[in-house]
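Numbering (my numbering), first residue to last: 3 to 162. Ideal Cβ positions, reconstructed from N, Cα and C, are used throughout, including at glycine. Computed from a predicted model, the values in this text were never measured in an experiment. Everything on this sheet refers to the single structure shown next.
What follows is the structure in structure tokens.
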């Protein structure tokens, strides 16, 4: 069940367009009472409905222009230990459990191909990792986005 409703979506859409807007400005943009907007923003904060700010920082700006996905096959009895060890590698941005040939899918960043080779070796060296397959991101055809979903919930199409 969705934790955000149409009112939330309208505020989110305004916040996406004007990320530095104050509560008063957002209220004006969505034609709602300031208290309504402030209450929604407060609830989002309390319930951790928005991702942490660091997720918006582009790794390229930190010196990591290369992205890759690493599919990882692990010893099932050591899955938690493997995940914990992978979390200690700074270049590992995300680890998700998947179905199919591999058990985990990692999103990693690297400074260049040599750096990716080092990181892939680090992942393979984690105790409990049996095999890895590295796929380099060549082109981002559709960047990560949620605005079309926000617009659907708000009841209007994306204008971008």
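- DSSP places residue 70 in the uninterrupted beta strand (DSSP E) bounded by 68-76.
- The C-beta distance from residue 91 to residue 121 rounds to 7 angstroms, short enough to meet the 8 angstroms contact threshold.
- Assigned with DSSP and collapsed to three states, residue 52 falls in coil, not helix or strand.
- Rounded to whole angstroms, the gap between the alpha carbons of residue 38 and residue 67 is 41 angstroms.
- DSSP, reduced to helix, strand and coil, places residue 99 within a strand of the structure shown.
- Judged by DSSP secondary structure, residue 7 falls outside any beta strand (DSSP E); it is assigned neither H nor E.
- In the pairwise beta carbon analysis, the segment 70-89 is classified as touching the segment 122-131: at least three pairs are separated by under 8 angstroms.
- Bridge pairing for residue 131: 76 [DSSP].
- No Cβ-Cβ contact shorter than 8 angstroms links residue 19 with residue 32.
- Rounded to the nearest angstrom, the Cβ distance from residue 6 to residue 25 is 17 angstroms, too far for a contact under 8 angstroms.
- The secondary-structure analysis by DSSP pairs residue 106 across a beta bridge with 74 and 99.
- Distance from the Cα of residue 61 is smallest, within the candidate group 112, 157, 22 and 145, for 112.
- Scanning its chain for C-beta atoms nearer than 6 angstroms, with the 5 sequence neighbours on each side dropped, one finds around residue 29 the residues 36 and 39, in chain order.
- By the CB criterion at 8 angstroms, residue 104 and residue 73 fall inside the cutoff.
- In the three-state reduction of the DSSP assignment, residue 115 falls in the helix class.
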